[in-house]
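> Per the working numbering, the very first residue in the sequence shown carries number 1; after that it's consecutive.
Note that beta-carbon positions come from the ideal geometry of N, C-alpha and C, so glycine has one too.
Could you have a look at this structure, given as structure tokens, before my questions?
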Amino acid sequence: MQVSEAASNQNFAYIKKDGQTSQCAFLDKGLCDIQTNLGHDGLSDTCFSFPRSYTKFEEEVELSMSLSCPEAARLALTTRDAFEFEATNSSVRASLIRSIQDRPGIDLREVNRFRIVAIQLMKDPGQASWKKLLSLGVLCERFDSLMSKGLPNAAETIRETYEHLRSTGELYEVFDRIKPQPKLQSEAFLLLMQTIAIVPTTKIAKERIDVVLSGFDADIDTGEIRLETLADCYREGIAALDAALADTPWFLDHVLLADMLTSGFPFDGRTTHESFVGLASRFGIVRLILAGACRSLKLKATIHDLAQFVQTFVRHYQHNSEFASKVNSCLLNSGWGTLDKLVLFLRSA
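Here you go:
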């Protein structure tokens, strides 16, 4: 155990992982020595709560699960009703609750109501995940515009807009008229992969990353991917991914919902659009990883396999602040952060 450099009551020390296995040094034959000797209450906040996270919006505390936990990823992504919400009374350590507060330029009440509309949109059945995500981007831009003008009831206006466009079919139809541009997509994908190269810390993570690289005909030793072949590999990978998810159409929706809940969307950006760009970046990377895995595994890919690949990415993103920063800023800093570019980036092959 190592005492933190700036030790405090909230962050006094951390447990150093085993250098060979990257596992907790207090594990003994898969069991926790701390819990064995001190009981559940003796665990640190992280060990006590993981993979659960608690976020307070206004007067309510929401419980969500991190997909960086293999079992949480399996349950959340393979279970149809995993994101059905229900109210309950329970007790939780106060130190575990992340509280979303008002800040300059942010109206907590209005943004929280917009967040509820965003979650409803992502749970809308019968539409492709990428279409719903782009529709969310449109609503984010409109919401930011209303808020910047100081107009009242911005979230209610957005809710009414969403309901109207959904009922007329306009909410999603506009994206069908946009033709895929695989070469432009490939340039964005290559930029992402070069910027956020995942450095595996475990043997199993390396094996999964090698599978993805193989799916893009990459050099396994260097990780180099050729731009001239990436478009064809991605198109074939997306076709294989669609086939693998034929019986679980909610899989990618659940990836997005889990991300929105754990990240605190849209409170994790200066504007809802900035928060949306981060969400779109992460979704694009996950879909790229899954496409590579499916092309590599061909007809052998199962949803349980795909849940493991998602878990590998989320583990890096949520537990590596430098990696997370690169992911969130990559598209914004490269000119791909505008909605017209994101349409091309997210458009399915």
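Could you round the C-beta distance between Arg-52 and Met-65 to whole angstroms and report it? I think they count as a contact, below 8 angstroms.
With a Cβ gap of about 6 angstroms, Arg-52 and Met-65 count as contacting.
> Suppose you measure from the CA of Thr-229 to the CA of Lys-341; what does that come to, to the nearest Å?
If I take the Cα positions, the gap works out to 22 angstroms.
> Fully enclosed by the segment 176–252, which alpha helix (DSSP H) runs are 4 residues long or longer?
Counting only runs of 4 or more, we get 182–195, 203–215 and 227–244.
> Answer yes or no: does any C-beta atom of chain C fall closer than 8 angstroms to that of Cys-140?
Although the question refers to chain C, the structure presented lacks it and comprises just one protein chain.
> Is it buried or exposed, Lys-132, if we count other Cβ atoms within 10 angstroms and call 16 or more buried?
Lys-132 comes out buried.
> Quick check on Leu-67: buried or exposed, where buried means 16 or more other Cβ atoms within 10 Å of its Cβ?
Answer is buried; the Cβ neighbour count reaches 16.
> Could you please give me the residues that DSSP links to Glu-274 through a beta bridge?
None, per the DSSP bridge assignment.
> CB-CB under 6 angstroms to Val-277, same chain, minus the five flanking residues each way: which ones, in chain order?
Same-chain partners within the cutoff: Leu-331, Leu-332 and Gly-337.
> Quick check on Ile-97: does DSSP put it in helix, strand or coil?
In this structure, Ile-97 counts as strand in the three-state DSSP scheme.
> Terminal residues of the continuous alpha helix (DSSP H) containing Glu-5?
It is not in any alpha helix (DSSP H) - Glu-5 carries neither H nor E in the DSSP assignment.
> Residues in its own chain within less than 6 angstroms of Ala-240 by CB, not counting five upstream and five downstream?
Hits under 6 angstroms: Cys-294 and Arg-295.
> Leaving aside the five residues before and after Ala-378 along the sequence, list all residues of the same chain whose C-beta is less than 6 angstroms from its C-beta, in chain order.
Since the first residue shown for the chain is 1 and the last is 349, residue 378 is missing from the structure and cannot be characterised.
> Return the CA-CA distance between Val-211 and Gln-194, expressed in angstroms with no decimal places.
Taking the straight line joining both Cα atoms gives about 17 angstroms.
> Three-state secondary structure (DSSP) at Cys-330?
Of the three classes helix, strand and coil, the one that applies to Cys-330 here is helix, per DSSP.
> Check whether the Cβ atoms of Val-310 and Val-255 lie closer than 8 angstroms to each other.
Result yes, Cβ atoms of Val-310 and Val-255 sit closer than 8 angstroms.
> In the DSSP assignment, find the alpha helix (DSSP H) that holds Phe-309 and state where it starts and stops.
Phe-309 -> alpha helix (DSSP H) spans 303–319.
> Rank Phe-12, Leu-299, Ser-281 and Pro-104 by C-alpha distance to the C-alpha of Arg-270 and give the top, closest one.
Nearest of Phe-12, Leu-299, Ser-281 and Pro-104 to Arg-270, Cα basis: Pro-104.
> Assuming Leu-136 and Ala-155 make a contact with CB atoms under 8 angstroms, what is their CB distance in whole Å?
No, Leu-136 and Ala-155 are not in contact; Cβ-Cβ is about 14 angstroms, not under 8 angstroms.
> Among Glu-62, Arg-109, Arg-113 and Asp-107, which has the Cα closest to the Cα of Ser-91?
It is Glu-62.
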